[in-house]
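Chains as they are written, first to last, in the UniProt record's numbering: chain A, 1 to 390; chain B, 1 to 665; chain C, 1 to 315. All C-beta atoms in this analysis are idealised placements derived from N, C-alpha and C, irrespective of residue type, glycine included.
Here it is in structure tokens:
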């Protein structure tokens, strides 16, 4: 599966890259994306346009005849961001939320006509340490007008766009650093922390305690990222500091369903393809981006039993016993290949997408339709066309 | 090799370098100057003198005398536009290192050529960016800066491409004239530009520069183009034109029939052709047209005509190649240096020789070492010299001898380049890779840089950790974990701090945190960080205190689940194995109280005795602890002790009775 | 090309005697004759004053930062014969400990490598050197080297803790190197080592003909050799090298300047030496390919620039 790869060197290390969501009708595919940078004297949030293929684009005024340059991502606008961009999420088509290493959460508004981007709301120093050190806000997640932020201080904040004071603050959500948070359902979020625990919080409950807690036995390895299955929200995938990909079924207690040895370095992001959930993508500090294709893994085997996976990275796989006895597997008609990987019968198709010899870390990925975006520490943006997705 | 050295302005040995001097504005000379190091290539400089010399009471009324200036150098590669070059060339560099390690000598040459071309193409791309930026800005200073950098790139491209021809992409048999001609044409495009211009004219021969163009093209061996120009001349049917046309058509080197012929074949052909040229010239074929005569003299390799046309050659190396084309087309690369003198002579009188010329002379002399030293002295940034040196090194063109300073030229330059990268807030990650490839000093330099690198967020700490772990830099790993742990400890994030101490297996501090947890429990009656403590797993074994903490929580859980016997046993073993810290015994015993007050018997007589021993020990001890405790605490303590004594005694009695009772079968 | 990037207006009311960047380059501590120590946050190109430390009763001569694993700790020494150790907790700086066991001005203070714990050395005009260390439970202790230099000690500097040929103890782990170098008014540079919990003189290096103003032990760069630089009232900077095989030091005069040289310091990788002196110049020296110490430059011959206004770089 040869991918058509476009690279642009942008003179800033990219920490987060996100497609702008398509308009609701879902026509066409998105061609605008945002990036956030980190670890520089001054960091920025930028909006880019990725030219389509053969038809070219009316907006473009490029007079450069070079084919490659025409297809390169083009900067639309950018603005300064105080602190490293630790997380970046779109809120609708026009707004961006960022989590900063200074502890601030900001909402940016992108004006598509004037191609200007600026801060529209900011919660300053939402995450702090008692001393003078900076405390990073590590992740933000949004659902409608609600934003949840979490940080190195182990706190979780619930914010409403447009309202100044936070709706709710959970001061001791975690005794360690929370690395990532996503919304599962309307008022339910799941977090991962630096001791390798997954916690589900129900925001409607007055209690500050999580409703459930999951972890990998005996292991203290941090979990750095999490993503949920687009249709089956009880299935989540998380990436660890040891490069291991774990798949969890949140209806079952405590332990992951599958552990796959993947990268040889911390895994920074994991993404399910929003339209083809049998495809999963991961990127890592080891400079590689992997495409996990579970669509070749056939229908689910009935019931629970040995659930295992194969990781192509280190050549080893970990067979992991199913959780509770009697906890039968999901109804075969709603099967999810991620939960029922059988190592002896099906090898998952795993491809490394970037050309080899990539050395500097890939911090962030996002997938939309056929095009995968990557942001790296070599100050480059990659846009890869993946024809083989369904 | 000796005679061309006299043309160099500096001597063969190390280029003498001058002082870095920085004058700060507004400082009078009585204040002196002092500096302190910043990070990497950075200094903080301020007026100051060592106290001993200072006269007492000299007040500085001048506010600028208390100003500190931050000074940096080697920041050329930090400009936003040029930064791309850093990243792109880094990719090429890394690829080259791994290819050079794996490849056999046959494929290596191909790969080296490919890399060389890639380096040049990223330079070109950067130049295009600079050009575009220069056109799109109105800022005078920026424009000047861009233009300066463009000139630098031009020179670098010139040098690099020549090195590529002579050192790396060496033509088989060492015959380098064709590649040199291509090189010439690329870098002296004026002739071609005029040519294009002329072609568009209706009456080309009336173009002001018609003949000049022909000369230029002929000097570059562009025979076909010259023929096409001559074919447009109205007098093309005259004898002299026809004669010239014949000559040009038959010229062996630049027509397509050159390929495939062996050296001796070619030499013969060329000699014949040359004799033909000379004959025609002598016979006056071109006497009617002085321009054509000049052309013929060029074809005959007449030295004087080259000198006349010096201006069209623009530089001595153009003239060198042009002369060689018509005087010695089969010249070998190694012999080029013997021809440079004459050309330099021609140009020297105008005093136009500069650093660039010295570098090129060194290239023609195959003195790669000298080339690189001159380059590193001439260009302000080390980027060029470092990458070119590395390329030549892998091509075997550098005698890699160990110099006095400890290693070879390649490492010296790579270290300098890496230093400029490590001094940058963002580009240090690229610098790390370069240091990896400095075999002697790279590692210790990297260790120093990493030790001093700041990490504000956990994310950066994780990245640094990974870099250190991959390279087995264990003391740096420990240091990073320690600093992160300490920072979190100071910020009261005990749980997070513990994860860092566990990671670095720091027993002392893991114990410290565990003790803090226990103190918290003693003070507040509950644990704060249960999500962590309850799930320590095997990492609790790192420190005794931590193990105790974990086990204690196990005890709590057993108690909550009403597994009283198991809980009781656990508690007992915690006490008697002395795993529990002395300060905590009273808490444990208080917990035991609850068990002792149950109806069922948890502790046997032996166990009860042991616990009474513990209590005794504790009682004796508290006498020593009196000094630290307030009176209320103490009385509470004594109350607890009495309660325990009673409960234990009761339990002992119960136990003896139970154990002694014989149950009827 | 050297250029001035930024200026920090310290607002000290008198001459600045020392400025030191912390381990990570994020904070700058300055001290002055106005008896104050000021701490600036210099991250991200900004300079903001974060603390004013008042406590000395006379000019403060030097400041030093401890390794960040101990927290934010600064040591300062001054004319008032005191060494004060300051610590930052939750944003405020307070005195942690005051050492006042010297009979006259303390001229120099330096923290030891963190492998040795929280330890510092200070040299005084009373000719002695004190090694002050934290005992771990919040209290401090000190050892004194009396009569280290007659007339006075002007500078102290610690050896790097790890040397490639460091001694291995019984468990096979490398013992940290516990040595320091000092310079004094007796024109001598002396090296000291700890033996049986006492500090003894290890070497006496003669070469200067006037007071030694500053000494600095270069960071170790992976070679078995050790390098010390010293500068003196006699306008010379001497580089002392120990090649690691025998315990003898060879000396080489780096340069004879036009005026007194009073300060020198090594870059963190130990390959560049910055020398400051009375000739109003700060010069940078580096070992070239042939192992000669030369002053480094960026001059393009034929493009020599002299710009006026902000800064002038002359060739």
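With residue i as the anchor, note down where its beta strand (DSSP E) starts and where it stops.
i	result
residue 274 of chain C	272-277
residue 87 of chain A	85-91
residue 264 of chain C	261-266
residue 343 of chain B	That residue, residue 343 of chain B, is in no beta strand (DSSP E); its alpha helix (DSSP H) goes 337-348.
residue 75 of chain A	74-81
Could you check where the alpha helix (DSSP H) with residue i kicks off and where it finishes?
i	result
residue 285 of chain A	Taken as a continuous stretch (DSSP letters only), residue 285 of chain A belongs to no alpha helix (DSSP H), as it is neither H nor E.
residue 186 of chain C	No alpha helix (DSSP H) contains residue 186 of chain C, which DSSP labels as neither H nor E.
residue 249 of chain C	Looking at the DSSP string, residue 249 of chain C is not in any alpha helix (DSSP H), and its letter there is neither H nor E.
residue 208 of chain C	Taken as a continuous stretch (DSSP letters only), residue 208 of chain C belongs to no alpha helix (DSSP H), as it is neither H nor E.
residue 241 of chain C	Unbroken run through residue 241 of chain C is the beta strand (DSSP E), 236-242; no alpha helix (DSSP H).
residue 111 of chain B	105-136
residue 442 of chain B	442-451
Does the Cβ-Cβ distance between residue i and residue j come in under 8 angstroms?
i	j	result
residue 234 of chain A	residue 245 of chain A	no
residue 593 of chain B	residue 644 of chain B	yes
residue 402 of chain A	residue 381 of chain A	Not covered by the structure: residue 402 of chain A. The range shown for chain A is 1 to 390.
residue 104 of chain A	residue 137 of chain A	yes
residue 204 of chain B	residue 198 of chain B	yes
residue 575 of chain B	residue 611 of chain B	yes
residue 32 of chain A	residue 79 of chain A	no
residue 75 of chain A	residue 48 of chain A	yes
residue 264 of chain C	residue 231 of chain C	yes
residue 211 of chain C	residue 200 of chain C	no
residue 265 of chain A	residue 466 of chain B	yes
residue 262 of chain A	residue 248 of chain A	no
residue 542 of chain B	residue 507 of chain B	yes
residue 238 of chain C	residue 207 of chain C	yes
residue 224 of chain C	residue 266 of chain C	no
residue 120 of chain C	residue 110 of chain C	yes
residue 142 of chain C	residue 132 of chain C	yes
residue 666 of chain B	residue 394 of chain B	Chain B is shown from 1 up to 665; residue 666 of chain B falls before or after that span and cannot be answered.
residue 157 of chain B	residue 128 of chain B	no
Our contact map puts residue i next to residue j with C-beta atoms below 8 angstroms; I'd like the distance itself, whole angstroms only.
i	j	result
residue 160 of chain C	residue 177 of chain C	7 angstroms
residue 236 of chain A	residue 227 of chain A	7 angstroms
residue 349 of chain A	residue 293 of chain A	4 angstroms
residue 101 of chain A	residue 86 of chain A	6 angstroms
residue 553 of chain B	residue 515 of chain B	So it is not a contact: roughly 15 angstroms between Cβ atoms.
> Which residues, in chain order, does the segment 462-485 of chain B contribute to contact with chain C at a C-beta distance below 8 angstroms?
Replying inline: Against chain C - using a Cβ distance shorter than 8 angstroms - the residues of the segment 462-485 of chain B are 475, 479, 482 and 483.
| So does the segment 26-38 of chain C actually touch the segment 52-61 of chain C, counting three or more Cβ pairs closer than 8 angstroms? | Counting Cβ pairs under 8 angstroms, three or more are found: they touch.
For the structure I just gave you, are there three or more beta carbon pairs, one from the segment 163-178 of chain A and one from the segment 122-138 of chain C, closer than 8 angstroms? No, the segment 163-178 of chain A is not in contact with the segment 122-138 of chain C.
If contact means a Cβ-Cβ distance below 8 angstroms, which residues of the segment 131-147 of chain A contact chain C? Listed by position along the chain: 131 and 132.
Next item on the list: Mind checking the segment 35-50 of chain A against chain C and listing, in chain order, the residues whose C-beta falls within less than 8 angstroms of any C-beta there?
Entry: Residues of the segment 35-50 of chain A whose Cβ lies closer than 8 angstroms to any Cβ of chain C, in chain order: 41 and 42.
Next item on the list: Identify each residue in the segment 395-427 of chain B for which the Cβ-Cβ distance to at least one residue of chain A is less than 8 angstroms, and report them in chain order.
Entry: Going along the segment 395-427 of chain B in chain order, one finds 425 and 426 with a Cβ nearer than 8 angstroms to chain A.
query: Counting Cβ pairs, one atom from each stretch, are 3 or more of them under 8 angstroms apart for the segment 72-82 of chain B and the segment 36-51 of chain C?
result: A contact between stretches requires three or more CB pairs, one per stretch, nearer than 8 angstroms, and the segment 72-82 of chain B fails this requirement with the segment 36-51 of chain C.
message = Can you pull out the residues from the segment 81-103 of chain C whose beta carbon lies closer than 9 angstroms to at least one beta carbon of chain A?
response = If the cut-off is 9 angstroms between Cβ atoms, the segment 81-103 of chain C has 88, 89, 90 and 91 near chain A.
- Query: Is it a yes or a no for the segment 88-102 of chain A touching the segment 33-40 of chain A, going by three-plus beta-carbon pairs under 8 angstroms?
  - Reply: They touch, by the three-pair rule.
>> Below 8 angstroms, how does it come out for the segment 474-487 of chain B and the segment 62-76 of chain C: are there three or more Cβ pairs, yes or no?
In response: Contact between the segment 474-487 of chain B and the segment 62-76 of chain C is established, with three or more Cβ pairs separated by less than 8 angstroms.
Decide if the segment 103-112 of chain C is in contact with the segment 75-86 of chain C; the criterion is three or more beta carbon pairs, one per stretch, under 8 angstroms apart.
-> Output reads yes: the segment 75-86 of chain C touches the segment 103-112 of chain C.
For the segment 34-48 of chain B, enumerate the residues whose C-beta is nearer than 9 angstroms to any C-beta of chain C, in chain order. So the list reads 34, 35, 36, 37, 38, 39, 40, 41, 42, 43, 44, 45, 46, 47 and 48, given in the order they occur along the chain.
Is it a yes or a no for the segment 489-499 of chain B touching the segment 521-538 of chain B, going by three-plus beta-carbon pairs under 8 angstroms?
-> At 8 angstroms Cβ cutoff, the stretches touch.
**Interfacial residues, the segment 24-58 of chain C to chain A, with Cβ spacing under 8 angstroms** = Hits within the stretch, in order: 44, 45 and 50.
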